[in-house]
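Heads up: the sequence shown begins at 9 in my numbering, then just goes up one per residue.
Ideal Cβ positions, reconstructed from N, Cα and C, are used throughout, including at glycine.
Note sheet for the following structure.
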Amino acid sequence: MKNSLILLAAGQGKRMGGKTPKMFLKLLGRPILHWTLHFLDLCPAVQNIVLVVPPGTRQKFDSKKIHAVIAGGRERTDSARLAMRALPKEAEWVGIHDAARPFVAPGDVARVFQAAQDVGAAILAVPAKDTVKLSRQGSFSIEQTLRRERCWLAQTPQVFRRDIAEKMHASSRSKRFTDDASIAESLGYSVRLVPGSYENMKITTPEDLVLAEKILKKRIRHGK
9 MKNSLILLAA GQGKRMGGKT PKMFLKLLGR PILHWTLHFL DLCPAVQNIV LVVPPGTRQK
69 FDSKKIHAVI AGGRERTDSA RLAMRALPKE AEWVGIHDAA RPFVAPGDVA RVFQAAQDVG
129 AAILAVPAKD TVKLSRQGSF SIEQTLRRER CWLAQTPQVF RRDIAEKMHA SSRSKRFTDD
189 ASIAESLGYS VRLVPGSYEN MKITTPEDLV LAEKILKKRI RHGK
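Written out as structure tokens, the structure is:
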């Protein structure tokens with residue numbers, strides 16, 4: 009089985025503030041993207057990577073697994089669609105991963121690819137720790153309290169059989185969704201949840217950088 013990973017690193021990170029694209033902010037002196045690639049290089053389940061970066065990026069990237077580096081599109085779904093075209097011909101399974109999640113564990117990557125190969129599509133996710141409230145659109149009024157034991161927080165990688173991924177990103181409805189699994193669900197595909205780790209956090213705000221640095225120090229200390 010040939011496993012490819014689309015690594016989405018073209019986002020500007022508006023919630024982070026500042027002018028530097030989020031992936032080039034520093035963690036322990038190196039860009040976030042450096043660490044993401046470093047830890048993906050430790051994942052045997054990933055054979056190659058299509059890296060999506062902001063247009064105009066001229067930086068070189070140190071990873072033996074990079075198959076192609078391409079400029080991203082206007083939206084996340086545009087970037088994923090462009091990356092699909094750059095996949096190697098032999099790719100059978102496609103993982104899509106947020107570069108803002110540098111700490112995904114090799115074992116979790118292997119398990120989510122295996123689960124996808126069992127059923128066609130799978131994602132990493134963690135159980136919600138907090139009670140989730142659904143608000144009425146455009147207001148702060150609570151419409152519904154969701155049962156916490158049924159709530160999962162989606163992570164990445166999200167993995168799909170190649171033909172499913174191609175149908176997803178050929179669909180005009182893809183722009184309506186905030187993750188790839190939602191597109192697959194809208195097309196009628198079943199997606200399996202694979203329990204992941206809370207350390208596989210998405211770095212989104214300045215506060216996240218503080219926690220990310222602590223996780224990174226622990227990883228380095230334990231040689232992972």
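The alpha helix (DSSP H) enclosing PRO214, as first and last residue numbers:
If you number the sequence shown from 1, residue 214 lands on position 206. Note, PRO214: alpha helix (DSSP H), 214-229.
Could you tell me if THR85 is buried or exposed, where buried requires 16 or more neighbouring beta carbons within 10 angstroms of its beta carbon?
Translated into the one-based positions of the sequence shown, residue 85 becomes position 77. Buried.
Nearest to PRO29 (by Cα), restricted to the options ASP171, GLY64, LYS175
Residue numbering aside, residue 29 sits at position 21 when the sequence shown is read from its first letter. Measuring from the Cα of PRO29, the nearest candidate turns out to be GLY64.
From the DSSP output, read off the bridge partner residues of ARG38.
Working through the sequence shown from its first residue, we reach residue 38 at position 30. Answer is LEU35, bridged to ARG38.
Helix, strand or coil at ALA17 according to DSSP, with G and I counted as helix:
The count along the sequence shown starts at 1 and reaches residue 17 at position 9. Residue state, collapsed to three classes: coil.
In three-state terms, what does DSSP make of LYS175?
The residue you call residue 175 lines up with position 167 of the sequence shown. Helix.
DSSP beta-bridge partners of LYS141:
Sequence index remark: in the sequence shown, residue 141 carries index 133 (1-based). Answer by DSSP bridge pairing, in chain order: THR153.
Am I right that SER205 and ILE191 are in contact with their C-beta atoms under 8 Å? What's the rounded C-beta distance?
One-based indexing of the sequence shown puts residue 205 at position 197. One-based indexing of the sequence shown puts residue 191 at position 183. Rounded, the Cβ-Cβ distance is 24 Å, inconsistent with contact.
Taking buried to mean at least 16 other C-beta atoms within 10 Å of its own C-beta, is LEU195 buried or exposed?
Taking the sequence shown and counting its residues from 1, the one referred to as residue 195 is at position 187. Looking at its Cβ environment, which holds fewer than 16 other Cβ atoms inside 10 Å, LEU195 is exposed.
Quick one: using the 10 Å Cβ neighbour count with 16 as the cut-off for buried, is ILE228 buried or exposed?
Counting from 1 along the sequence shown, the entry for residue 228 is found at position 220. ILE228 should be labelled exposed.
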